[in-house]
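**Q** One structure is given below, represented as C-alpha cells, and several questions about it will come after.
Protein chains: 2
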Amino acid sequence: MSTGKHKLAQPDPGDVPKAVINRLSLYLRELQHLLRSGKTTISSSQLGRMLGFTDAQVRKDLTCFGHFGHPGIGYRCEELVAAIRRILGTDRVWTVALFGVGNLGRALLGYKGFSAKGFQIVAAFDEDPRKAGATIDGIRVHPMDRLDEVIANQRIQLAMITVPAAAAQHVADTAIKAGVVGVVNFAPVTLTVPQEISLVGVDLATELEQISFSVANREKS
Amino acid sequence: MSTGKHKLAQPDPGDVPKAVINRLSLYLRELQHLLRSGKTTISSSQLGRMLGFTDAQVRKDLTCFGHFGHPGIGYRCEELVAAIRRILGTDRVWTVALFGVGNLGRALLGYKGFSAKGFQIVAAFDEDPRKAGATIDGIRVHPMDRLDEVIANQRIQLAMITVPAAAAQHVADTAIKAGVVGVVNFAPVTLTVPQEISLVGVDLATELEQISFSVANREKS
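Here the protein sequences line up with chains A and B, keeping their order. All the letters of the first sequence, read from the start, carry residue numbers -18 to 202 under this note's numbering. All the letters of the second sequence, read from the start, carry residue numbers -18 to 202 under this note's numbering.
What follows is the structure, given as C-alpha cells:
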C-alpha cells in the first residue's frame, strides 16, 4: 500500500497548537465518512467546505506534517486517512484504564467512539468496594489497591480520570507511578504532572462556555 | 460594586479563537479557587504559572476584552471573575434541554459542573417511550413529540445533543425550529445549522487523540 511509504514530517508535539490537532481529528472523521460512501479523492476546498474551514486552512494544517496533495487530483482519501492516523498516533491500539465509575465513568465505559479510534479501555478502578468486582460493558472494575498490579499486567498506557476533583491529583500521581504515560482528566480541576507525561484536561462545562460566549456576544452586537 | 461598572470591549465573537475562550474558562476556574481560599489579588505571572502559561499569554488574552490590571496590584480576583463571567456569558442563567437519555445523557444530567456555571438543564427528551415520563436527577424526561411545547413553555435557549449520530441532525433541526439558539453536539457527526445559531461540537474521542498525538510524538523524538 502506498500509504505506508508516505514520509511524515515530525514537528515537536509541543509546537503544534491544540486547535490543529482538533482539526486533524475533524478531517479524519469526514474522510472516513467519504471513504464509506465510496469517494476516493477530495480537494482541500471540498474538505474545508464540509467543515466550515477555508481551503487555505486545510492546506496549512496538513503542510505541517508533509505533502499530501496530488496535482489535478487533490487528496487521496485513503492515503490521507492513513497519514492522519499516523500523525495522531491512532494507527495503533492504546490501552486505557478508567478511574472512577460514577455517572460519567459509566458513560465513558459505554462510549463506542473510543474503541473505533483505537482507544481500548481494558480496566476500570473505583475506591468504592461495592463497585469493585463488577463488570460494566465488558470491563472489569478493580479496587484501587490493585492499581500497580493491573497497570503492569495489562500494560496500560493511558489513564482516564473521572473521580471527584479532590481525588484527581492523587489518582493521577498513583497511575503515573505505576507506569501510565498519558492522562486524560475529566475532573474539574487543573492537574500537575511530570514533564515527560502527556496531559489533556477535559472540562465539559467549558464546552458550554463556548456556546454562551457565542450566543451572548451575538445578542450584544 | 466596582465590577459592574467595568466596561468590556466587545470583539466580534467569530474573531475570538476558541483557544482564547478555553483559556478564559481556565483563568476563571483558578480565580474562583483563589477567591475561595481568601486571595484577593494576583499577578499575570502567578496566574499563568498556575496553569502553565506565560504572563504575556495571560495579559494578551485579557487585553482582547479590556484593561483589567491595576499598577502595583495586578488583577483584583473578584473584579476579574465578574468580567470573565460577563465575557463568557455565564453571568446569567441559561436554560438547557438535553436530547437523548443514554449513558452519556444520564451522566450529563448528573454533572454538577453545569449548574455551577449557570447552565440549568430543565428538560430532557428521549424517543424511547419507556424513558419518557421518568425523572432523572430531578429533570423530567419528555417524549420527542412534546418538544415544541416544552421548549416554548420553559423558554429553553440551548440544546445539548447526545442522541446517536444518525439522529443528531434531525434533532438539531427540530430544536432550532422550536426556538433554541445554541447547540452543543456530543454526537460523533458534524452538524449543519443556520448562520444565526451557535454550534459547538464535542467529540470525546478527539480529546484522546490529543493524548495519543502527544505520547506518540514524544516517543518518536
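Just so you know, even glycine gets a beta-carbon here, dropped at the ideal spot from N, CA and C. Everything numeric in this text was worked out from a predicted model, so none of it was measured.
Just reading off the alpha helix (DSSP H) that B/Ser26 is part of, what are its end residues?
**A** 25 to 32 is the extent of the alpha helix (DSSP H) around B/Ser26.
**Q** Pairing CB atoms from the segment 152 to 166 of chain B with CB atoms from the segment 127 to 145 of chain A, are three or more of them under 8 Å?
**A** As far as the Cβ criterion goes, the segment 152 to 166 of chain B does not touch the segment 127 to 145 of chain A, which means the pair count is below three.
**Q** Would you report the Cα separation of B/Lys(-14) and B/Phe49, rounded to the nearest angstrom?
**A** At B/Lys(-14) the pLDDT is 48, less than 50, meaning the model places this residue with poor confidence; the figure from the coordinates comes in the next sentence. The straight-line gap from Cα to Cα measures roughly 12 Å.
**Q** Can you list, in chain order, the stretches of the beta strand (DSSP E) that have 3 or more residues and sit fully within the segment 110 to 178 of chain B?
**A** Segments of the beta strand (DSSP E) lying fully in the segment 110 to 178 of chain B: 120 to 123, 139 to 142, 163 to 166.
**Q** Contact between the segment 79 to 89 of chain B and the segment 39 to 55 of chain B is defined here as three or more beta-carbon pairs at a separation below 8 Å; is this criterion met?
**A** The segment 79 to 89 of chain B is not in contact with the segment 39 to 55 of chain B.
**Q** For the candidate residues B/Ile117, B/Arg111, B/Lys112, whose alpha-carbon lies nearest to that of B/Val103?
**A** For B/Val103, the nearest C-alpha among the options comes from B/Ile117.
**Q** With A/Ala88 as the anchor, note down where its alpha helix (DSSP H) starts and where it stops.
**A** Residues 84 to 90.
**Q** Note down, in chain order, every chain B residue with its Cβ under 7 Å from the Cβ of A/Glu188.
**A** Ordered by position in chain B, the residues that pass the 7 Å Cβ test against A/Glu188 are Val165, Val181, Val183.
**Q** Which residues share a DSSP beta bridge with A/Thr22?
**A** A/Arg57, per the DSSP bridge assignment.
**Q** Can you give me the C-alpha to C-alpha distance between B/Cys58 and A/Phe194, rounded to a whole angstrom?
**A** Taking the straight line from one Cα to the other gives about 20 Å.
**Q** Could you run through the segment 77 to 91 of chain B and flag, in chain order, every residue whose CB is less than 9 Å away from some CB of chain A?
**A** Under the 9 Å Cβ criterion, the segment 77 to 91 of chain B contributes Val77, Gly83, Asn84, Leu85, Gly86, Arg87, Ala88, Leu89, Leu90, Gly91.
**Q** My output table needs one value for A/Gly99: the three-state DSSP class, helix, strand or coil.
**A** Reduced to three states, the DSSP call for A/Gly99 is coil.
**Q** What would DSSP say about A/His51, mapped onto helix, strand or coil?
**A** Strand, per DSSP.
**Q** Spell out whether any CB of chain B is found under 8 Å from the CB atom of A/Glu194.
**A** A small correction: the amino acid at residue 194 of chain A is Phe; Glu does not occupy that position in the sequence shown. Yes, A/Phe194 counts as interfacial toward chain B.
**Q** Can you tell me the Cβ-Cβ gap for A/Asp36 and A/Ser25, rounded? I've got them flagged as a contact below 8 Å.
**A** Yes, A/Asp36 and A/Ser25 are in contact; Cβ-Cβ is about 4 Å, under 8 Å.
**Q** What is the C-beta distance between A/Phe80 and A/Ala0, in whole angstroms, given that I count them as a contact (C-beta under 8 Å)?
**A** The pair is not a contact, with the Cβ atoms about 28 Å apart (cut-off 8 Å).
**Q** Specify the secondary structure class of A/Ala104 as computed by DSSP and reduced to three states.
**A** Note: A/Ala104 maps to strand in three-state DSSP.
**Q** With a threshold of 16 other CB atoms inside 10 Å of the CB of A/Glu130, please say whether the residue is buried or exposed.
**A** Label assigned to A/Glu130: exposed.
**Q** Span of the beta strand (DSSP E) holding A/Val77?
**A** First-last of the beta strand (DSSP E) with A/Val77: 75 to 80.
**Q** Buried or exposed: where does B/Ile54 fall if 16 or more other Cβ atoms within 10 Å of its Cβ makes it buried?
**A** With fewer than 16 other Cβ atoms within 10 Å, it is exposed.
**Q** What does a CB cutoff of less than 6 Å around B/Ser6 pick up in its chain, not counting 5 residues either side in sequence?
**A** If we look at B/Ser6 and ignore the five residues flanking it on each side, it has no Cβ neighbours.
**Q** Are the C-beta of B/Lys(-1) and some C-beta of chain A separated by less than 8 Å?
**A** Closer than 8 Å: yes.
**Q** When we look at the beta-carbon of B/Arg66 and count the other beta-carbons within 10 Å, is it buried (16 or more) or exposed?
**A** Classification of B/Arg66: buried, given that the 10 Å Cβ count is 16 or more.
**Q** Quick one: what's B/Gly182 bridged to in DSSP?
**A** Partner(s): B/Asn166.
**Q** Within 8 Å (strictly less), CB to CB, does B/Lys(-14) reach chain A?
**A** No answer about B/Lys(-14) holds up, because its pLDDT of 48 lies below 50 and its placement is not dependable.
**Q** Give me the subset of the segment 99 to 116 of chain B whose CB atoms are less than 8 Å from a CB atom of chain A, sorted by chain position.
**A** Within the segment 99 to 116 of chain B, the qualifying residues are Gly99, Phe100.
**Q** Could you tell me which chain A residues have their CB closer than 7 Å to the CB of B/Gly160, listed as they occur along the chain?
**A** Here the premise fails: no neighbours, minimum Cβ distance about 13 Å.
**Q** Find the nearest neighbour of B/Ala186 within the set A/Thr187, A/Met31, A/Thr173, A/Val181, judged by alpha-carbon distance.
**A** If we check each option's Cα against that of B/Ala186, A/Val181 comes out closest.
**Q** Apart from the five residues just before and just after A/Asp184, which ones in its own chain have a Cβ nearer than 7 Å to its Cβ?
**A** Result list for A/Asp184: Pro169, in chain order.
**Q** Which chain A residues sit within Cβ distance under 7 Å of B/Asn3?
**A** Thr187, listed in chain order.
**Q** Which residues in the same chain as A/Leu43 place their Cβ atom closer than 7 Å to its Cβ, once the five residues preceding and following it in sequence are excluded?
**A** For A/Leu43, where only same-chain residues beyond five positions count, the Cβ hits under 7 Å are Phe49.
**Q** Just checking: is the beta-carbon of B/Ile68 within a distance shorter than 8 Å of some beta-carbon in chain A?
**A** Taking Cβ atoms only, chain A reaches closer than 8 Å to B/Ile68, which makes this a yes.
**Q** Which bits of chain A does B/Gln191 rub up against, with CB to CB less than 7 Å?
**A** Chain A residues near B/Gln191: Lys(-1), Ile2, Val181.
**Q** Report the option in B/Ala147, B/Glu11, B/Val77 whose CA atom is closest to the CA atom of B/Tyr203.
**A** Residue coverage of chain B in this structure runs from -18 to 202, which leaves residue 203 of chain B outside it and unanswerable.
**Q** Distance check for A/Leu128 and A/Phe106, CA to CA, integer angstroms please.
**A** Using only the alpha carbons, I get a separation of about 8 Å.
**Q** Of all the CB atoms in chain B, is at least one closer than 8 Å to the CB of A/Pro175?
**A** It does not; no Cβ of chain B falls within 8 Å.
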